[in-house]
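The block underneath contains the structure these notes are about, expressed in structure tokens.
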Amino acid sequence: MDQEYENILVPMDGSKESELALGRAVAVAKRNGKAHIDVLNVIDTRAMAYNFAGMSDGSIAYQLVDKSKQYLDDVLKGVKDKENFDNIDIHIRLGNPKTIIAFDFVRDHHNDMIMMGASGLSRMQRAIMGSVTSYVKRNAPVDVLVVRTAVDQVK
């Protein structure tokens, strides 16, 4: 018997890999008929402190949230228009992407599957902060699918 996922989390960071994961999640949700997708962008507050040397008056965070919302709104519109799929919500969180994706968000939204791109960080960022994908797949309490290919590349 096939597993039917009902509530899929897709973390998105603007990378090609995360967009592939969303495409795969939409295909799974449509196949399951009633599945819901939560698209999440986590703004890494550790990177904010590092990049801006802790000299933030809040406007930097506001600008990052605003930019993230614009990006996710575009993603949502694309999915609704191109895939004719509307059982999808967007979310933005501030904090450590590893723990928010692996634990906090899944607990709060009762996701039963995480579909995420193989890697959204540059080689240097992974060396400094570690791979979010590696952490999530090792620690999340739900199934994790790491997407490396587009839906139309799967035979």
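Taking numbering that gives the first Met the number 0, the leading residue of the sequence shown gets 0, the next gets one more, and so forth. Even for Gly, the Cβ is constructed at its ideal location relative to N, Cα and C.
A buried status is given to Ala20, since no fewer than 16 other beta-carbon atoms sit within 10 Å of its beta-carbon. Scanning Leu39, Gly32, Arg92, Lys33 for the CA closest to the CA of Met114 turns up Leu39.
Of the other Cβ atoms in all chains shown, fewer than 16 fall within 10 Å of the Cβ of Arg45; this residue is therefore exposed.
Taking the Cβ atoms as the reference, Gly13 lies roughly 6 angstroms from Tyr70, within the contact range of under 8 angstroms. Straight-line measurement puts the Cα of Met112 at about 9 angstroms from the Cα of Pro140. Taken through DSSP and simplified to helix, strand or coil, Pro10 comes out as strand. The alpha carbon of Gly116 has as its nearest neighbour, out of His109, Val131, Asp107, the alpha carbon of Val131. If you draw a 10 Å sphere on the C-beta of Ala28, you find 16 or more other C-beta atoms in it, and that means buried.
Taking the Cα of Asn31 as reference, the smallest distance to any Cα among Ala24, Leu8, Glu3 is reached at Glu3. Of the other Cβ atoms in all chains shown, 16 or more fall within 10 Å of the Cβ of Ile87; this residue is therefore buried.
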